Amino acid sequence: MVDSLIIKNVNILTMNSERQIIENGVVIVKDSTIEDVGGEELLEKYPSGNIIDGKNGILMPGMVNTHTHAAMVFFRSLGDDVQDRLKKYIFPLEKKMVDKSFVYFGSKYGIAEMLLGGVTTFVDMYFFEDEVAKAAKEMGIRAVLGETVVDFPSPDSKEPYGGLYYGERFIEKWKQEELIIPAIAPHAPYSNDTEHLQAASALAEKYKVPMMMHVAEMDYEVEKYRKEYDMTPVQYLDSIGVLKENFIAAHLVHVNDEDMDIIEKRNIGIAHNMGANSKGAKGVMPLKEMYRRKLKIGLGSDGPMSGNTLDILTQMPLVAKVHKLFNQDRSLFPASEIVEMATIGGARALNLQDKIGSIEPGKKADMVILETHSVNMQPIHDYYSVIVYSANPSNVDTVIVNGKVLVQNKCLTQIDFGELRNKISQWKPEIN
Ligand SMILES: [Zn+2]
């Protein structure tokens, strides 16, 4: 029998439905699962096991990054302030540079950054997604991974829409993996035609896997569907029958009330990428109304070329502050609601709320300890406020995924990060 893991001397933000907080709490983990959650009395009930002393830190559910392209770390800090970056800049760079090894090492580096920042589940869409899956499996993180489908030849396909073929093989290959949920990811409505969007949806239906896409992010996207169909992007996607419960939409910046009716009815997941949307000057998603409707909302970093960092702690204050400012309402989105979106909200967006997103018996042991002895972490009058407004990724001390300790004392336990950093420094993007 495997020894239990006993986490003690922590202040637990359970994020259960009562939003219970247990000070000086204890969590017992058996194999991959949370066995018990409570106060110090649990130490008597479970006398033996490997002990993690949380040193009066904050134990919270692992954060969920609902949208990224991890391998793009190689492009971080390139062209941050360039106009119409996607078509003029990103697509040509990808055509030139992206191959298997780029995706494998880039993803590995991105996953290292996510783990060190307290992310225990991430959603990725890119090319050569098989390499992302290999990297994720080696690193031990939980992941929802979708192969990109686009209407032009891509780095892993000579033919337009080759991602559909690659995607089906990818799903078949990874479907049985414990921590990996394979998916299909058409890039966006405007980079796919109706027929192929429906084919991607049929593929997701056939294998019972998620489908994810950038939706209603670009102004030219809105214009295209208005001109061609007199519809919004959300209305168009609904009219062709692809919006289902397994659908995860990233961005949804340009949506109206009618769109929100559709999103609510179809019960799709939402990845809110405030860092990318604000830097890209895309607009402000109507989060206030979406939250009021109890839609399935999680937070995302987007790719490191858009959101720059891959952790979710960086996104949280941005989400709170921009929506407060936009609505001119200081009381909007109290810190507890922001932490909710970063954890159980993200889990809901991925339909994984029965498995992850809170610290409760029976759930998978995906948890993070934030240390509270650094200068920015004291004093603590409100745990949620400290997480949202004071903490940063450097406060992440311990990260557990599926019962396995992957970060301890702020270091990765499985790999030598210095070696990985040296490896990725060999790639130098060349810009024309
Ligand atoms: Zn994206």
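Using UniProt numbering, the first residue of the sequence shown is number 1, and each one after it goes up by one.
Cβ coordinates follow ideal geometry from the N, Cα and C atoms, glycine included.
A quick note: this is a predicted structure, and the numbers were derived from the prediction, not measured.
Considering only the beta carbon of each residue, do GLY300 and HIS272 sit closer than 8 Å? In the sequence shown, counting from the first residue as 1, residue 300 sits at position 300. In the sequence shown, counting from the first residue as 1, residue 272 sits at position 272. Yes.
Residue closest to TYR220, alpha-carbon to alpha-carbon, out of HIS254, MET212, ASP238: Numbered from its first residue, the sequence shown carries residue 220 at position 220. With distances taken between CA atoms, TYR220 lies nearest to HIS254 out of HIS254, MET212, ASP238.
Would you mind working out which of ILE22, VAL405, MET290, ALA112 sits nearest VAL29, comparing C-alpha positions? Taking the first residue of the sequence shown as 1, we reach residue 29 at position 29. Nearest C-alpha to VAL29: VAL405.
Answer with buried or exposed for ALA281, where buried requires no fewer than 16 other C-beta atoms within 10 angstroms of its C-beta. On the sequence shown, residue 281 is found 281 positions in, with the first residue counted as 1. So ALA281 counts as exposed.
Beta strand (DSSP E) containing HIS67: first to last residue? Within the sequence shown, numbered from 1, the residue matching residue 67 stands at position 67. Segment 63-68, the beta strand (DSSP E) holding HIS67.
By the DSSP assignment, the beta strand (DSSP E) with ILE34 in it spans what residues? Counting from one through the sequence shown, the residue named residue 34 turns up at place 34. 33-38 is the span of the beta strand (DSSP E), which, as asked, contains ILE34.
Indicate the three-state DSSP secondary structure (helix, strand or coil) for GLY167 in the structure shown. Stepping through the sequence shown from its first residue, residue 167 is reached at position 167. Reduced to three states, the DSSP call for GLY167 is helix.
Kindly examine ligand 2 and report whether one of its heavy atoms sits closer than 7 Å to the Cβ of HIS254. Inclusion of ligand 2 in the displayed structure is not the case, the ligand content consisting of ligand 1 alone.
Since LEU318 and ASN392 should fall inside the 8 Å C-beta cutoff, what is the C-beta to C-beta distance between them, to a whole number of angstroms? By one-based count along the sequence shown, residue 318 stands at place 318. By one-based count along the sequence shown, residue 392 stands at place 392. No, LEU318 and ASN392 are not in contact; Cβ-Cβ is about 12 Å, not under 8 Å.
How about the stretch 319-329 and the stretch 119-134: do they share at least three Cβ pairs that are nearer than 8 Å? no
So, with DSSP's three-state summary, where would you put ASN432? Along the sequence shown, one-based indexing puts residue 432 at 432. Note that ASN432 has pLDDT 49, beneath the 50 cutoff, so the model's placement of it is unreliable and the number below is only indicative. Assigned with DSSP and collapsed to three states, ASN432 falls in coil, not helix or strand.
Out of ASP238, GLU113, ILE263, which has the shortest C-alpha to C-alpha gap to ALA71? Mapped onto the sequence shown, residue 71 falls at position 71. Nearest C-alpha to ALA71: GLU113.
Which same chain residues end up closer than 8 Å to ILE424 when comparing Cβ atoms and leaving out the 5 residues on each side of it in sequence? What you label residue 424 is simply residue 424 of the sequence shown in a count that begins at 1. Closer than 8 Å at the Cβ level, and outside the excluded window around ILE424, lie VAL73, PHE74, PHE105, GLY106, TYR109.
Exposure of VAL375, with buried meaning 16 or more beta-carbon neighbours within 10 Å: Position 375 of the sequence shown, counting from 1, holds the residue named residue 375. Exposed, because fewer than 16 other Cβ atoms sit within 10 Å of the Cβ of VAL375.
GLY298: first and last residue of the uninterrupted beta strand (DSSP E) it sits in: Counting from 1 along the sequence shown, the entry for residue 298 is found at position 298. That run of the beta strand (DSSP E) goes 296-299.
Could you tell me whether the Cβ atoms of ILE180 and ALA250 are closer together than 8 Å? Numbered from 1 along the sequence shown, position 180 holds the residue referred to as residue 180. Numbered from 1 along the sequence shown, position 250 holds the residue referred to as residue 250. Contact flag unset, no.
Which residues in the same chain as residue 434 place their Cβ atom closer than 8 Å to its Cβ, once the five residues preceding and following it in sequence are excluded? Lying outside 1 to 432, the shown extent of the chain, residue 434 is not represented and no answer is given.
My understanding is that ALA347 touches ILE356, with C-beta atoms under 8 Å, so please give their C-beta distance in whole angstroms. Here residue 347 refers to the residue found at position 347 of the sequence shown. Here residue 356 refers to the residue found at position 356 of the sequence shown. Contact holds; Cβ gap of about 5 Å.
For HIS196, the three-state DSSP class (helix, strand or coil): Taking the sequence shown and counting its residues from 1, the one referred to as residue 196 is at position 196. Of the three classes helix, strand and coil, the one that applies to HIS196 here is helix, per DSSP.
Member of ALA335, ASN9, TYR236 whose CA lies at the smallest distance from the CA of GLU41: Stepping through the sequence shown from its first residue, residue 41 is reached at position 41. Comparing Cα-Cα distances from GLU41 to each of ALA335, ASN9, TYR236, the minimum goes to ASN9.
Nearest neighbour of LEU237, chosen from ILE6, GLY418, ASP193 [CA to CA]: The residue given as residue 237 occupies position 237 in the sequence shown. Closest option to LEU237, Cα to Cα, is ASP193.
Under the three-state reduction of DSSP, which class applies to MET1: helix, strand or coil? On the sequence shown, position 1 is the one that residue 1 refers to. Per-residue confidence for MET1 stands at a pLDDT of 48, beneath the threshold of 50, marking its modelled position as unreliable; no derived number is given.
Coarse secondary structure for GLN235, derived from DSSP in three states: If you number the sequence shown from 1, residue 235 lands on position 235. Residue state, collapsed to three classes: helix.
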